[in-house]
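The structure appears right after this line, and notes come after that.
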Ligand SMILES: Nc1ncnc2c1ncn2[C@@H]1O[C@H](COP(=O)(O)OP(=O)(O)OP(=O)(O)O)[C@@H](O)[C@H]1O
Ligand SMILES: [Mg+2]
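Protein chains in written order, with my numbering: chain A, 11 to 251; chain B, 1214 to 1459.
Take a look at the structure:
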């Protein structure tokens, strides 16, 4: 028996609303997780190159823990185990939140991603000539200011291509959030399939969402890379202009 | 009057068991220009870094305008008072020249952007590259980059300037333009401590010359004395070597 496509179904209620809802959830989950991951990743990456042995140890532990436990396991840990370990009042408050799975997913994905980002940022920081740091300090900037205004902005520009692929990973990893009950676009598709037995149409929508977004992100990031490339700095085999 | 701007007293510094500075003493008075020379690894850069607290020493102390470096509670403030120029410029490549020069005056000293830019333009003009203000360092020649780095240090209106081999990464034709700026500064009364092997510069501009070897000051003399009758054997050897090379 041949499968009969029924694309029109996707425009009907309630499916259409579900799809829009699912896509939006995927988007803001990915974005929020990304922003948090980037902030954490920068801080942890910097910790890993400081002079203080203690701070370096903290950074290393963080990275090894969050990078080496599979994301799906981390999501379950955040959902079921961590709230048990926190003070009672906090877990009360937490469990009464509107959308616990959503916030759990956001925290889980961003911690996992931040560990990976921290590694990227650490290697970029290592690639920056140590004289930059001395120069900054010699003008009377504090260590924190040197990182904030000189070293980190410099490092971020070097790793824009790596950031692009990390963002795309975050974006795709949001699909795992369905395992703890977040109705993002992939979960939505499964729901549509269950209701209408129209699996192929639904999965096509999800796939197209991922592909289209990926392309847009790549375009945006290559624009960003051109906008923020460091003039006169030789990079990736390009000739000096 | 006449307390020296920079006073280094019996400074000793070890990296593990390696003695990088051994009982080094040196004073730079206001308006003086002192040149330090010596073979590679003799501790010249390390000495400069001790003066603005970039390197921790174990013995002795350094005073900058009367403030002790080892006991200093506010190193950023002390460092603002001592400009530093590096062999490899160390301009921030992702910022324009103007941003390079205004960063510390704004963030460390708390000037407004307007005040900082006025200062920056003044000093960029003084080193002769005011027309390059909006470019990134990567677009400038080596000589222009080093002059931008000098302007960056001057914009903090320091009491003294430290130069660490400012011309040794430059092509010969650019060395002159940087030395010209430095000469101009010295004539203008800036207190300067300059690590360099440009003996022509030393002869013409410096008041005193210091020769270092293996972490010690082997010779410290006025320019005339230094070039006419260097006493230490080691100094003579070194001078012959670099003067022949030139
Ligand atoms: N952070 C450090 N750890 C260990 N040894 C160091 C460190 N910094 C410098 N040294 C050593 O201290 C000695 C003095 O170094 P310094 O850079 O002051 O020499 P220099 O006179 O400036 O030489 P050059 O002409 O090559 O610049 C060298 O032997 C160097 O290897
Ligand atoms: Mg040196």
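The C-beta atom is built at its ideal place from N, Cα and C for all residues, glycine as well.
Could you check the C-alpha separation between residue i and residue j for me, to the nearest Å?
i	j	result
residue 1367 of chain B	residue 1442 of chain B	35 angstroms
residue 145 of chain A	residue 157 of chain A	12 angstroms
residue 18 of chain A	residue 24 of chain A	12 angstroms
residue 1218 of chain B	residue 1306 of chain B	32 angstroms
residue 1455 of chain B	residue 1422 of chain B	15 angstroms
residue 47 of chain A	residue 231 of chain A	17 angstroms
residue 1272 of chain B	residue 1237 of chain B	10 angstroms
residue 1363 of chain B	residue 90 of chain A	59 angstroms
residue 159 of chain A	residue 131 of chain A	15 angstroms
residue 1239 of chain B	residue 1225 of chain B	13 angstroms
residue 249 of chain A	residue 236 of chain A	With a pLDDT of 38 at residue 249 of chain A, under the threshold of 50, the predicted position of this residue should be treated as unreliable, though the coordinate-derived value follows. The straight-line gap from Cα to Cα measures roughly 15 angstroms.
residue 79 of chain A	residue 86 of chain A	11 angstroms
residue 57 of chain A	residue 68 of chain A	8 angstroms
residue 1329 of chain B	residue 110 of chain A	49 angstroms
residue 99 of chain A	residue 81 of chain A	27 angstroms
residue 26 of chain A	residue 20 of chain A	6 angstroms
residue 36 of chain A	residue 96 of chain A	28 angstroms
residue 215 of chain A	residue 32 of chain A	11 angstroms
residue 1390 of chain B	residue 1397 of chain B	11 angstroms
residue 1295 of chain B	residue 1371 of chain B	5 angstroms
residue 1439 of chain B	residue 1401 of chain B	24 angstroms
residue 246 of chain A	residue 171 of chain A	Its pLDDT being 41, under 50, residue 246 of chain A is placed unreliably by the model, and the measurement read from it follows with that caveat. Near 11 angstroms, if we compare the C-alpha coordinates of residue 171 of chain A and residue 246 of chain A.
residue 1387 of chain B	residue 1335 of chain B	22 angstroms
residue 1298 of chain B	residue 1376 of chain B	5 angstroms
residue 59 of chain A	residue 128 of chain A	11 angstroms
residue 64 of chain A	residue 72 of chain A	12 angstroms
residue 1253 of chain B	residue 53 of chain A	38 angstroms
Residues in its own chain within less than 6 angstroms of residue i by CB, not counting five upstream and five downstream?
i	result
residue 209 of chain A	203
residue 1281 of chain B	1274
residue 50 of chain A	124
residue 1382 of chain B	1300, 1301
residue 169 of chain A	130, 134
residue 1365 of chain B	1313, 1314
Between the options, which has its C-alpha nearest residue i's C-alpha?
i	options	result
residue 1418 of chain B	B:1335, B:1263, B:1435, B:1428	B:1435
residue 16 of chain A	A:180, A:121, A:193, A:211	A:211
residue 197 of chain A	A:30, A:22, A:12	A:30
residue 1267 of chain B	A:59, A:153, A:193	A:153
residue 1399 of chain B	B:1380, B:1374, B:1313	B:1374
residue 1300 of chain B	B:1427, B:1431, B:1330, B:1378	B:1378
residue 8 of chain A	A:223, A:190, A:136	Lying before the first or after the last residue shown, residue 8 of chain A is absent from chain A, which here runs from 11 to 251.
residue 34 of chain A	A:221, A:193, A:228	A:193
residue 22 of chain A	A:227, A:206, A:238, A:217	A:206
residue 1327 of chain B	B:1338, B:1341, B:1311	B:1311
residue 234 of chain A	A:174, A:50, A:81	A:174
residue 74 of chain A	A:37, A:124, A:97	A:124
residue 43 of chain A	A:151, A:200, A:187, A:13	A:187
residue 1416 of chain B	B:1346, B:1333, B:1249, B:1425	B:1249
residue 151 of chain A	B:1334, B:1341, B:1234, B:1322	B:1322
residue 1304 of chain B	B:1360, B:1380, B:1318	B:1360
residue 141 of chain A	B:1262, B:1253, B:1431, B:1317	B:1262
residue 1320 of chain B	A:149, A:102, A:88, A:104	A:149
residue 1347 of chain B	B:1385, B:1308, B:1339, B:1316	B:1308
residue 1290 of chain B	B:1315, B:1369, B:1445, B:1447	B:1369
Excluding the five sequence neighbours on either side, which residues of its own chain have a C-beta within less than 8 angstroms of the C-beta of residue i, listed in chain order?
i	result
residue 84 of chain A	76, 118, 121, 122
residue 224 of chain A	178, 181
residue 147 of chain A	153, 156
residue 1230 of chain B	none
residue 1247 of chain B	1239, 1241, 1405, 1406, 1407, 1419, 1420, 1421, 1422, 1423
residue 1222 of chain B	1238, 1273, 1274, 1275, 1276
For residue i, collect the residues of the same chain with a Cβ closer than 7 angstroms to its Cβ; drop the 5 residues on either side in sequence, then sort them by chain order.
i	result
residue 40 of chain A	180, 181, 184
residue 1427 of chain B	1255
residue 1403 of chain B	1374
residue 126 of chain A	77, 176
residue 28 of chain A	198, 201, 202
residue 251 of chain A	Only weak support exists for where residue 251 of chain A lies, its pLDDT of 34 falling under 50; the value from the coordinates is given anyway. Within the same chain, residue 251 of chain A has no close Cβ partners at all.
residue 1270 of chain B	1224, 1225, 1226, 1234, 1263
When you measure from the CB of residue i to every non-hydrogen atom of ligand 3, does any distance come out below 7 angstroms?
i	result
residue 1377 of chain B	Absent from the structure shown: ligand 3. Ligands present: ligand 1 and ligand 2.
contact_flag[the stretch 1250-1263 of chain B, the stretch 1398-1415 of chain B] where n(CB pairs < 8 angstroms) is 3 or more: They touch, by the three-pair rule.
Using 8 angstroms as the Cβ pair cut-off and three pairs as the minimum, do the stretch 230-242 of chain A and the stretch 1337-1356 of chain B touch? Judged by Cβ distances under 8 angstroms, the stretch 230-242 of chain A makes contact with the stretch 1337-1356 of chain B, as three or more pairs qualify.
Would the stretch 133-148 of chain A and the stretch 160-180 of chain A be scored as touching if the rule is three or more Cβ pairs under 8 angstroms? Contact holds: three or more Cβ-Cβ distances are below 8 angstroms.
Are the stretch 1278-1287 of chain B and the stretch 1338-1351 of chain B touching, with three or more C-beta to C-beta distances below 8 angstroms? In this structure the stretch 1278-1287 of chain B does not touch the stretch 1338-1351 of chain B; the number of beta carbon pairs closer than 8 angstroms is below three.
Quick check: the stretch 1239-1248 of chain B against the stretch 1216-1231 of chain B, are there 3 or more CB pairs under 8 angstroms? Yes, they touch.
Which residues count as close to ligand 1 when the rule is a CB under 5 angstroms from any of its heavy atoms, in chain order? One residue list follows from the rule of a beta carbon closer than 5 angstroms to any heavy atom of ligand 1, given in chain order as B:1228, B:1233, B:1253, B:1254, B:1255, B:1256, B:1257, B:1258, B:1259.
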